[in-house]
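Chemist: In the numbering used here, the protein residues as written are 13 to 333.
I am attaching a structure below and will ask some questions about it afterwards.
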């Protein structure tokens, strides 16, 4: 599972500190930790794999939308999305209650985490024109450009890291295929492939260093820009950043819970996939017919080839389905 991006949290918290007086924390341990109490509670609740994965997805979706609102979406003038961002506690609770009744959460004791509110709300906040090209540009155009550059560097790092993962998975699958034929890679081939993986890993490490350096430099620039911002701009942008910072904090908690819960939930992968298959099938039938069937007697079968599932239902294979 990919770790939730920290550059977004860093910049948001920095701006929040400078513009709205929020407490400042720095370093990965302060911002994302498998060992924090909230994550421990989520592990104890025993969420199924579907919920664990959804928490990670909602965290990434929220972070992506925060990026968009910070550097792409116009603000001020005709752009009224900040007013819609100011969601009340009652409305948030209503959204969580609706989500808890969806097929993903039904039949589970796992709580619906607050990140679901932001994952649903933020994509609806849009504007084609406004007084300023973006929220960060309102504070400082140079700051907006720097933040956009950080995202480019982060994506470059992720691309390099994915190359490493792809090479490792490919090697593992080839070794497995050979093993099933009572064969194995020659020492020369294996050494060559492992050397290539080490080379890719070094490139990923270099890309991560570039990203980290840019992130640290941005923190200093953000503090300097905030110190020079007009009080009227600070008063206008501060409340918006407070809500966005809350969204990032909730995404952080959801990602931590997902990271902590995954090793436990993954042990029930096949059983959870069977359960989710039945739920998905009922969803499709309800969508097509308008009536939800009882799934008693439905027996999904699940097999995995690496990370790729092959699913059947009561004798029907994946090809039939």
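Backbone N, C-alpha and C define an ideal beta-carbon position, used for all residues, glycine too.
Since the model is a prediction, treat every value here as computed from it, not as a measurement.
Would residue 87 pass as a contact of residue 142 if the rule is Cβ separation under 8 angstroms?
Modeler: yes
Chemist: For residue 227, count neighbouring Cβ atoms within 10 angstroms of its own Cβ and tell me buried if that reaches 16, exposed if not.
Modeler: So residue 227 counts as buried.
Chemist: What residues are listed by DSSP as bridge partners for residue 87?
Modeler: DSSP lists 144 as partners of residue 87.
Chemist: Under 8 angstroms, do residue 267 and residue 68 count as touching if we go by C-beta distance?
Modeler: Contact check for residue 267 against residue 68 passes: the beta carbons are separated by less than 8 angstroms.
Chemist: Apart from the five residues on each side of it in sequence, which residues of its chain come closer than 7 angstroms, Cβ to Cβ, to residue 249?
Modeler: So the qualifying residues of the chain are 31, 147, 150, 151.
Chemist: Taking residue 130 and residue 263 to be in contact with their CB atoms under 8 angstroms, please state how far apart those CB atoms are, rounded to whole angstroms.
Modeler: So it is a contact: roughly 7 angstroms between Cβ atoms.
Chemist: Is it the case that the CB of residue 266 approaches a heavy atom of the ligand NAD more closely than 7 angstroms?
Modeler: Here there are no bound small molecules, and the ligand NAD is not part of this structure.
Chemist: If you run the structure through DSSP and keep just helix, strand and coil, what is residue 117?
Modeler: Residue 117: coil per DSSP, three-state reduction.
Chemist: I'd like the ranges of any alpha helix (DSSP H) spanning at least 4 consecutive residues and lying wholly in the stretch 183-264.
Modeler: 199-240
Chemist: Quick check on residue 94: buried or exposed, where buried means 16 or more other Cβ atoms within 10 Å of its Cβ?
Modeler: buried
Chemist: In terms of alpha-carbon separation, which member of 84, 116, 98, 112 lies closest to residue 63?
Modeler: 116
Chemist: Does the distance from the C-beta atom of residue 192 to that of residue 134 stay below 8 angstroms?
Modeler: no
Chemist: In angstroms with no decimal places, state the Cα-to-Cα distance between residue 167 and residue 305.
Modeler: 44 angstroms
Chemist: Between the stretch 251-263 and the stretch 96-106, do at least 3 Cβ pairs fall closer than 8 angstroms?
Modeler: Under the 8 angstroms Cβ criterion, the stretch 251-263 counts as touching the stretch 96-106, having at least three qualifying pairs.
Chemist: In the structure shown, what three-state DSSP assignment does residue 125 receive?
Modeler: For residue 125, the three-state secondary structure derived from DSSP is coil.
Chemist: Could you check where the alpha helix (DSSP H) with residue 305 kicks off and where it finishes?
Modeler: Looking at the DSSP string, residue 305 is not in any alpha helix (DSSP H), and its letter there is neither H nor E.
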